[in-house]
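Asker:
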Amino acid sequence: MPTFSAARGDSSFTDAHGVEIVYSTWRAARPKGIVQIAHGVGEHGLRYEPLAQDLVRAGYTVHANDHRGHGRTGLAQWDGDHAKLGRLGPGGLRAAIAAVEQMTAVARADTPGIPLVLLGHSWGSLMAQRIVNTSSGSYDGVVLSASAYRLPGWMNSGDLNARHAGSGPTKFEWLTRDRAIIDAVSVDPLAVEADVVGLFGVRDALRLLGVPRRGIPHDLPMLLQVGSEDTLGGPRSIERLAQAYRRRGRLSDVSVKVYEGARHEVYNETNRAEVIADLVAWLDRVTAGGRA
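Residue 108 in the UniProt record's numbering sits at position 108 of the sequence shown, and the numbers go up by one each step.
Spelled out as structure tokens, the structure:
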């Protein structure tokens with residue numbers, strides 16, 4: 001088991017529909033920036049504690065909430081019914097996105113005056129793409145992990161584990177090559193299979209589709225990290241997304257990192273040290289000038 005050095009603080013806020021959103025914070029002693037993590041479908045913020053610890057050691061305070069219907073938020077929202085985990089509840093996807101932006105406001109108020117970067121993984125990255133279209137000025141940078149260009153043909157809506165099913169007995173082999181991570185998530189009581197249509201319904205699943213808006217108002221740096229064997233989008237989709245941000249969105253600083261052999265969860269991969277080193281180097285660069 002990993003050893004954690006930075007203490008975790010847990011708190012919550014209430015969204016516009018009265019749902020209590022639980023979040024965790026890991027604090028750097030003298031933070032040079034804030035990283036807000038938005039997790040993927042069927043998981044929860046505490047799965048990012050190892051990453052949070054690495055970021056704290058690098059000088060960043062980290063906030064990670066459990067989205068609507070997920071993790072500790074979902075368990076309380078659904079009165080302890082694990083069978084309902086992953087279902088978003090009243091307000092659906094729009095409410096989940098609004099709660100991510102509410103988390104941003106909480107993080108800003110908690111440590112004002114320093115740069116804040118939104119790091120979205122998978123579904124969290126798809127929500128981050130929507131947020132960038134409307135609220136790019138709220139952030140000093142955005143990291144999209146295991147993302148995709150949000151149109152049919154560029155984003156897999158089928159069985160994400162099909163390509164990797166032969167490498168193990170669970171439905172989570174698509175996540176990583178690290179067997180310990182797969183074994184842990186397969187017995188995690190707060191984790192469920194990432195079936196977007198089944199959990200969210202067709203209407204909210206379709207709301208995930210879209211493209212970067214033309215001329216994003218606030219030019220912010222962006223980092224896209226993806227494994228070459230990621231079955232959600234993969235390198236081809238990520239390169240198309242980066243191109244859209246550069247040409248359509250007019251963002252001037254878009255970086256892409258592809259990790260050979262890695263699957264969906266690059267921060268939980270066997271080469272995680274390389275992935276996190278790239279992330280920290282990018283964060284150090286974009287936060288060096290302070291709050292934009």
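Backbone N, C-alpha and C define an ideal beta-carbon position, used for all residues, glycine too. Predicted model, so just to flag it, every value in this text is computed and none were measured.
By a C-beta neighbour count over all protein chains shown, 10 Å radius and 16 as the cutoff for buried, is Met1 buried or exposed?
Answerer: One-based indexing of the sequence shown puts residue 1 at position 1. With a pLDDT of 49 at Met1, under the threshold of 50, the modelled position of this residue cannot be trusted; read the value that follows with caution. Label assigned to Met1: exposed.
Asker: Going by alpha carbons, who is nearest to Asp278 out of Ala58, Ala83, Thr176 and Leu175?
Answerer: Here residue 278 refers to the residue found at position 278 when the sequence shown is read from its first residue. It is Ala58 whose Cα lies nearest to the Cα of Asp278.
Asker: Alpha carbon to alpha carbon, how far is Tyr60 from Val35?
Answerer: Residue numbering aside, residue 60 sits at position 60 when the sequence shown is read from its first letter. Residue numbering aside, residue 35 sits at position 35 when the sequence shown is read from its first letter. Cα to Cα, the separation comes out at about 7 Å.
Asker: Nearest to Thr287 by CA position, among Leu118, Trp78, Ala38 and Asp15, is which residue?
Answerer: Taking the first residue of the sequence shown as position 1, residue 287 is located at position 287. Out of Leu118, Trp78, Ala38 and Asp15, Leu118 has the C-alpha closest to the C-alpha of Thr287.
Asker: For the alpha helix (DSSP H) containing Glu49, name the first residue and the last one.
Answerer: Looking up residue 49 in the sequence shown gives position 49. Glu49 -> alpha helix (DSSP H) spans Glu49 to Arg57.
Asker: In angstroms, rounded to a whole number, what distance separates the CA positions of Gly120 and Tyr267?
Answerer: Reading the sequence shown from its first residue, position 120 is the one you call residue 120. Reading the sequence shown from its first residue, position 267 is the one you call residue 267. For Gly120 and Tyr267, the distance between alpha carbons rounds to 12 Å.
Asker: Can you tell me whether Asp10 is helix, strand or coil according to DSSP?
Answerer: Locating residue 10 in the sequence shown gives position 10, counting from the first residue. Strand at Asp10.
Asker: Determine the closest residue to Arg163 out of Leu151, Arg177, Gln225 and Asp183, with distance taken between C-alpha atoms.
Answerer: Looking up residue 163 in the sequence shown gives position 163. Minimum Cα distance to Arg163 is reached at Arg177.
Asker: Per DSSP, what kind of secondary structure is Trp154 in: helix, strand or coil?
Answerer: The residue you call residue 154 lines up with position 154 of the sequence shown. Trp154: coil per DSSP, three-state reduction.
Asker: When DSSP labels each residue in this structure, what does Thr61 get in the three-state scheme?
Answerer: Here residue 61 is taken as the residue at index 61 of the sequence shown, counted from 1. The answer is strand: DSSP assigns Thr61 an E or B state.
Asker: Measure the alpha-carbon distance for Met127 versus Ile97 and round it to whole angstroms.
Answerer: For the purposes of this step, residue 127 is identified with residue 127 of the sequence shown, where counting begins at 1. For the purposes of this step, residue 97 is identified with residue 97 of the sequence shown, where counting begins at 1. Each residue's alpha carbon lies about 6 Å from the other.
Asker: Have a look at the DSSP bridge pairing and note the partners of Trp78.
Answerer: Counting from one through the sequence shown, the residue named residue 78 turns up at place 78. In the DSSP output, where bridge partners are listed per residue, Trp78 has none listed.
Asker: Run through DSSP, which three-state label would Ala288 get?
Answerer: The residue given as residue 288 occupies position 288 in the sequence shown. It is coil, neither helix nor strand.
Asker: Can at least three beta-carbon pairs, one atom from the segment 220 to 231 and one from the segment 192 to 205, be found at a separation below 8 Å?
Answerer: Result no; under three Cβ-Cβ pairs closer than 8 Å.
Asker: Do the segment 32 to 50 and the segment 63 to 79 touch if we need at least three Cβ pairs shorter than 8 Å?
Answerer: The answer is yes - the segment 63 to 79 touches the segment 32 to 50, with three or more Cβ pairs under 8 Å.
Asker: Could you check what DSSP says for Val19 in three-state terms: helix, strand or coil?
Answerer: Within the sequence shown, numbered from 1, the residue matching residue 19 stands at position 19. The answer is coil: DSSP assigns Val19 none of H, G, I, E or B.
Asker: Measuring straight from C-alpha to C-alpha, what distance separates Ala281 and Tyr259?
Answerer: Counted from its first residue, the sequence shown places residue 281 at position 281. Counted from its first residue, the sequence shown places residue 259 at position 259. Ala281 and Tyr259: Cα-Cα distance of roughly 16 Å.
Asker: Are the segment 140 to 153 and the segment 84 to 94 touching by the rule of at least three beta carbon pairs closer than 8 Å?
Answerer: The segment 140 to 153 is not in contact with the segment 84 to 94.
Asker: Against chain C, does Gly69 count as a neighbour if the rule is that its beta carbon must be under 8 Å from one of theirs?
Answerer: Chain labels in this structure do not include chain C; a single protein chain is all it has.
Asker: Which stretch, first to last residue, makes up the beta strand (DSSP E) that contains residue 320?
Answerer: No statement about residue 320 is possible, as the shown extent of the chain runs from 1 to 292 and does not include it.
Asker: If Leu241 and Ala148 are in contact, beta carbons under 8 Å, what's the gap, nearest whole angstrom?
Answerer: As a position in the sequence shown, residue 241 is number 241, starting the count at 1. As a position in the sequence shown, residue 148 is number 148, starting the count at 1. Going by Cβ atoms, the distance from Leu241 to Ala148 rounds to 7 Å, so yes, they are a contact pair.
Asker: Going by other Cβ atoms of all chains shown within 10 Å of its Cβ, with 16 needed for buried, is Gly9 buried or exposed?
Answerer: Taking the sequence shown and counting its residues from 1, the one referred to as residue 9 is at position 9. Exposed.
Asker: Would you mind sorting His218 into buried or exposed? The rule is 16 or more other CB atoms within 10 Å of its CB.
Answerer: Counted from its first residue, the sequence shown places residue 218 at position 218. Looking at its Cβ environment, which holds fewer than 16 other Cβ atoms inside 10 Å, His218 is exposed.
Asker: Taking the beta strand (DSSP E) that Leu144 falls in, what are its first and last residues?
Answerer: Position 144 of the sequence shown, counted from the first residue, corresponds to residue 144. Residues Gly141 to Ser145.
Asker: Can you give the Cα-Cα distance for Trp123 and Gly198, rounded to whole angstroms?
Answerer: Taking the first residue of the sequence shown as position 1, residue 123 is located at position 123. Taking the first residue of the sequence shown as position 1, residue 198 is located at position 198. Taking the straight line joining both Cα atoms gives about 14 Å.
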